[in-house]
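In terms of my numbering, the sequence shown is residues 28 to 322. Heads up: the structure comes next, in structure tokens.
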Amino acid sequence: MSERIGLVGAGAMGGAIGSRLLETGNALTVFDLDPDKVKGLVEKGAVAAGSAAEAATGNDFVITSLNAARIVGIAAFGKDGIADGAAKGTLIIDMSSIEPDATRKFANMAEERGLAWVDSPLSGGAPKALVGELTLMAGGKAEDVERAHRVLRHVASNYTHMGPSGAGQTTKLINQVLCGLGFLAVAEATQLALDAGVDAAKIPQALKGGRADSSLLQEYLPRFATKDYRRTGRIDNMVKDLNAVNDLARSTGTSMPMTALCAEIHRMLTAAGLGGEDQAAVMEFFNGAKEEIAV
């Protein structure tokens, strides 16, 4: 069944989500502050909007894929924002990664305006979005989360309702703890293999099916070993998420020493000028060779 969808945010992630929605036969209206990011989706059949309000007009769903809670708030409730163009009952699906407290605030603001809000951050990145295999963790009212699945089923193979508003974002932060620590562990192990003269290219196959195996190991160890830093994510986005994890841990009284160290290493990499590079560039922390990165 084709759905009428607005998309606000057409960057690397939003662009991939939009491409998949078009490929699966949905009608898409797209807005981004950068018109160049919209062009690729228009060439695939999307309609360009002049504002977030226009992207929402006439659509049953509006997806946001943005980089920070402040930006989500402006896009949703600022001048010419989604709320200005959306009809009563429109469901806003926020696929950004933002703080749980901000999400709960936005959900309440949406409800006050007769709109529905689901937080559905993702794991898997643009490559998984393009083939409909994202992992999504959703927060919101059960009926809204079920309704959102009419759209999200096109981009996700794993979709779980985690609880009320903010629960999806909290789960995403837990995901980022595991990913952030996992990236560093795999990079560190790769460097040891290289220094010890072991053929790093054979390690994913050698460990496949064992307790150390993971999709992260299978995808990233070969990239670490060859310094394949093609961008599918950004180190500074991990910094943002790990900072949010640390804030949440302080509020819950949770001790997270390894995550604090992980966040500090990512901040060091950002300070060294690598914030805009792919997560694979954490390898630079371990090999000590600051080389020009071809992206």
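All C-beta atoms in this analysis are idealised placements derived from N, C-alpha and C, irrespective of residue type, glycine included. All figures in this text were calculated on a predicted structure; none of them were measured in a lab.
For the 9 Å CB-CB criterion, ALA175 and LEU118 form a contact.
Counting C-beta atoms within 10 angstroms of its own C-beta, GLU170 has fewer than 16 neighbours from the protein chains shown and is therefore classed as exposed. Taking 8 Å as the upper bound for CB-CB distance, ALA82 and VAL35 are in contact here, some 5 Å apart. Three or more Cβ pairs closer than 8 Å define a contact, and the segment 93-113 falls short of that threshold against the segment 61-73. Spanning the alpha carbons of LEU275 and ASN135 requires a straight line of approximately 20 Å.
Its Cα nearest to that of THR84, the residue GLY116 stands out among LEU60, SER92, GLY116 and LEU93. If you draw a straight line from the Cα of ALA307 to the Cα of HIS188, it is about 30 Å long. Within the same chain, no residue comes within 7 Å of LEU288 by CB-CB distance, once the 5 residues on both sides are set aside. For ASP61, the three-state secondary structure derived from DSSP is coil. Excluding sequence positions up to five before and after ASP59, its CB lies within less than 8 Å of the CB of VAL35, GLY36, ALA37, GLY38, GLY41 and VAL65, all in the same chain and listed in chain order. In terms of Cβ geometry, ALA233 and THR217 do not form a close pair [threshold 9 Å].
Around the Cβ of ARG180, a 10 Å sphere holds fewer than 16 other Cβ atoms; the residue is exposed.
Counting along the chain, the unbroken alpha helix (DSSP H) around VAL213 starts and ends at 194-223. Taken through DSSP and simplified to helix, strand or coil, SER150 comes out as strand.
By the beta-carbon neighbour count (other beta carbons within 10 angstroms, threshold 16), THR281 is exposed. When the Cα atoms are used, ASP128 and CYS206 turn out to be separated by approximately 22 Å. Per DSSP, THR281 lies in no beta strand (DSSP E) and is assigned neither H nor E. Of the candidates ILE120, GLY303 and TYR256, the residue whose Cα lies closest to the Cα of ALA165 is ILE120.
The C-beta of SER184 has fewer than 16 other C-beta atoms within 10 Å across all chains shown, which makes the residue exposed. In the three-state DSSP reduction, TYR186 falls in the strand class (E or B). Taking a cut-off of 8 Å on C-beta distances, the segment 187-201 does not touch the segment 151-158, as fewer than three cross pairs fall below it.
Sixteen is the threshold: since fewer than 16 other Cβ atoms of the shown chains lie within 10 Å of the Cβ of ASP63, the residue is exposed. Sequence-distant Cβ neighbours of GLY236 in its own chain, meaning closer than 6 Å and more than five residues away, do not exist here. Between LEU296 and LEU208, the alpha-carbon positions lie close to 15 Å from each other.
Non-local beta-carbon contacts of ASP107 in its own chain, meaning distances under 7 Å to residues more than five positions away in sequence, involve SER78, ALA79 and ALA80 in chain order.
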